[in-house]
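Peer 1: Take this structure first; my questions come after.
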Amino acid sequence: MKLLLIPVVIIFLCSCNEKKDPAKEQDSNQKTDPIIKDIDTVKTITDTVSYSELTLEDKREAFLNICLAEYNETGKKELGIRTLELGNPSYNSSLFMKKKSTIKYGDVDGIYPVIKLFIYGYNTENECNAPYKRWLDCFESECDKIKEGAEMKAIKMPPMYFIKNKGSIIVLKYLCEHNENDWDRVKANLNKVFKEKDAVICEIGCGGPLSWIK
C-alpha cells in the first residue's frame, strides 16, 4: 500500500511547485481595445509635451480623451462646412459625441446633448485665410455677411463656437435644444487643446448674439 502512495504524492508535489507567470496569465486573459490603447498613447504624449506641439490628429484624440468621462463617441456622420472644405485643407476631420446624461428642453426630459466638431488644417496661413474669408462673406445656411470683430445682436442660426488659428479652423456646433448643456466646459477644453497664440474666437448663441473673443 505504501508503495502505491509514493507516485501519487510525487505527482501532487510537482503540481504544487508549478508557478504561473502572472504576466503571461494577464496577457492571455486581457485583450486591449485598440481604441483605448490609442487614447492611452495620446494621454501619455500630452503628459510630456504641450498641446501646441501636437498635430491636429493628436489634438483631436486628446480632446476626445478629455470628453470621454462625460460623452461617448458616436458613428454619426454629418456634412461639414463646404466653403472650408473647398479650400483644400491638408487635414479635414470631424468628431461627434453624445452625452451620457440627459438635460431638459423646456418641459421635455431625456434630451441627450451632442457635440459636433469639425477640424480643418491648412499648410500655410494664406491657404487658411482664403476659405475663412469666403466663409464669413456667406456665413452658414442664411449666407449672412459677417465681419471679424463686428458684434451682432441677432443671427438666424443654431449655436456655434469656432477658433481661428493661423493655420487651422476648429468649429463646434450644437442644437438649440441642447442649449442647457454645460457648453462652457466643452469650450474651455476646446481652448485648452486647440487654441493657439493670437487665435480669434467667435461665439454664437441660438439666434444670436454673435460675439468675438481675442
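Position 102 of the sequence shown, counting from 1, maps to 147 under the working numbering, and the rest follow consecutively. C-beta: ideal position from N, C-alpha, C; glycine also. Computed from a predicted model, the values in this text were never measured in an experiment.
1. Under the assumption that M197 contacts G253 (Cβ atoms under 8 Å), give the Cβ distance between them as a whole number of angstroms.
2. Could you give the distance in angstroms between the alpha-carbon of D154 and the alpha-carbon of W228?
3. Of the choices S146, R105, G250, whose alpha-carbon is the least far from that of N221?
4. Assign K82 to one of two classes, buried (16 or more other C-beta atoms within 10 Å of its C-beta) or exposed (fewer than that).
5. Distance, Cα to Cα, K201 vs F108?
6. Taking C-alpha atoms, which residue in E106, N226, F239 lies nearest to K149?
7. State the start and end residues of the unbroken beta strand (DSSP E) segment that holds D154.
8. Tell me whether Y167 sits in a helix, a strand or coil according to DSSP, three-state version.
9. Work out the CA separation of R230 and T147 for me, nearest whole Å.
10. Opposite F141 in the DSSP bridges: which residues?
11. What does a CB cutoff of less than 6 Å around H223 pick up in its chain, not counting 5 residues either side in sequence?
Peer 2: Taking the coordinates as given:
1. 6 Å
2. 18 Å
3. According to the sequence shown, residue 221 is Cys rather than Asn. Selected option, being the one with the closest Cα: G250.
4. For K82, the predicted model reports a pLDDT of 42, less than 50, meaning its position is unreliable and no value from the coordinates is stated.
5. 29 Å
6. N226
7. Element bounds for D154: 153-156.
8. Y167 falls in the coil class under three-state DSSP.
9. 16 Å
10. K161
11. P158
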